[in-house]
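**Student:** Please find one structure pasted underneath; my questions will follow.
In the numbering used here, the protein residues as written are 6 to 255.
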């Protein structure tokens, strides 16, 4: 998959939506990100891009100190200026991705410690946040099918173990099993939330819950952007509800 092409397309669409969001006198709220306005969302992803660019360019092997406070937008950056501040950071990060081999070792929050991790993660993240931003100003467009399918796999393989390992006071997993079936392609993803940790569910093993939908809808569901109703669901409803108790959003 050409993640860089997807990253550049999604950041271009995000910038376009940010410019549209700058037109009202006050930044609109973002329905899928409670307590955030469109300006908050633009500032968030802009800071993340600058942080990741810093990690890669300087080949950091540990997280930078006070990373949540780095790269604050200029105090007077609002509206179109804020949208362009996002574009500046996104273009710089894309250039870094183009010029840096995916296998170059750098710090990441996952178990894979290289530039390729950041390229994949940031491409998926900006696609979801582009959907968030478009939802605040009109009709959000679905995530590209190829990218969304990669995002589902990444969520189950990377995000679920990370959240289980890093968040505190989570309820124990009891062997609940989930299958996610793509209706606009052939991919099927399965996971068992065993007490000892998440693991793949065998193709012939029954799942407690099966959800079927487009790759985009499955990705947005896992990111807690849409409810389960748009998906075709089979199995135990209570087990489905428990998924986000055991793997909460952050």
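From the three backbone atoms N, C-alpha and C, an ideal C-beta is built for every residue, glycine too.
Because the structure is a prediction, the values reported are computed rather than measured.
1. Alpha carbon to alpha carbon, how far is residue 107 from residue 115? Give it in angstroms, no decimals.
2. So, residue 148 versus residue 156, is the Cβ gap smaller than 8 Å?
3. Could you check where the beta strand (DSSP E) with residue 185 kicks off and where it finishes?
4. Once DSSP output is grouped into helix, strand and coil, what is the label at residue 173?
5. Shortest alpha-carbon distance to residue 84 belongs to which of 229, 47, 222?
6. The alpha helix (DSSP H) with residue 3 in it runs from where to where?
7. By Cβ distance below 7 Å, which residues in the same chain neighbour residue 240 in space, the five residues on each side in sequence not counted?
8. According to DSSP, simplified to helix, strand and coil, what is residue 28?
9. Would you kindly check if the distance between the Cβ of residue 182 and the Cβ of residue 206 is under 8 Å?
10. My assumption, with CB atoms under 8 Å, is that residue 193 sits in contact with residue 186. Please give the rounded CB distance.
11. Please report the straight-line C-alpha distance between residue 163 and residue 152, rounded to a whole angstrom.
12. Output yes or no for whether 8 Å exceeds the beta carbon distance between residue 15 and residue 135.
13. Below 8 Å, how does it come out for the stretch 50-70 and the stretch 86-101: are there three or more Cβ pairs, yes or no?
14. Closest by CA to residue 167, which one among 103, 230, 254, 30?
15. Using the rule of at least 16 other Cβ atoms within 10 Å of the residue's Cβ for burial, across every protein chain shown, is residue 128 buried or exposed?
16. Residues in the same chain with beta-carbon distance under 7 Å from residue 250, minus the five sequence neighbours each way, listed in chain order, please.
17. My guess is that residue 230 and residue 133 are in contact by the Cβ rule of under 8 Å, so how many angstroms apart are they, rounded?
18. Do you know how far the Cα of residue 237 is from the Cα of residue 180?
19. Would you report the Cα separation of residue 12 and residue 201, rounded to the nearest angstrom?
20. I need the DSSP call for residue 131, collapsed to helix, strand or coil.
21. Just confirm the distance between the C-beta atoms of residue 109 and residue 169, as a whole number of angstroms; I'd bet it's less than 8 Å.
22. Return the bridge partner residues of residue 1 from the DSSP annotation.
23. From 87, 223, 228, 235, pick the residue whose C-alpha is nearest to that of residue 28; which is it?
24. Take residue 3 as the anchor and find which of 197, 221, 208 has the nearest alpha-carbon.
25. Which residue comes first and which comes last in the alpha helix (DSSP H) that contains residue 55?
26. DSSP puts residue 3 in a beta bridge; with which residues?
**Tutor:** Concretely, from the data shown:
1. 15 Å
2. Yes, these two residues count as a Cβ contact at 8 Å.
3. 181-187
4. coil
5. 47
6. The displayed coordinates of the chain run from 6 to 255. Any statement about residue 3 would go beyond what the structure contains.
7. 212, 213, 214, 215
8. coil
9. Contact flag set, yes.
10. 5 Å
11. Residue 163 and residue 152 have their C-alpha atoms some 15 Å from each other.
12. yes
13. yes
14. 254
15. buried
16. 176
17. Contact flag correct, Cβ pair sits at about 7 Å.
18. Answer to the nearest angstrom: the Cα atoms are 22 Å apart.
19. Those two C-alpha atoms are separated by around 35 Å.
20. Correct three-state label for residue 131: helix.
21. About 28 Å separates the two Cβ atoms, so there is no contact after all.
22. Residue 1 cannot be examined here, being either before or after the span of the chain that is shown, 6 to 255.
23. 87
24. Outside the modelled stretch of the chain, which goes from 6 to 255, sits residue 3, for which no answer is possible.
25. 43-62 is the span of the alpha helix (DSSP H), which, as asked, contains residue 55.
26. Given that the chain is displayed from residue 6 to residue 255, the structure contains no residue 3 and the question cannot be resolved.
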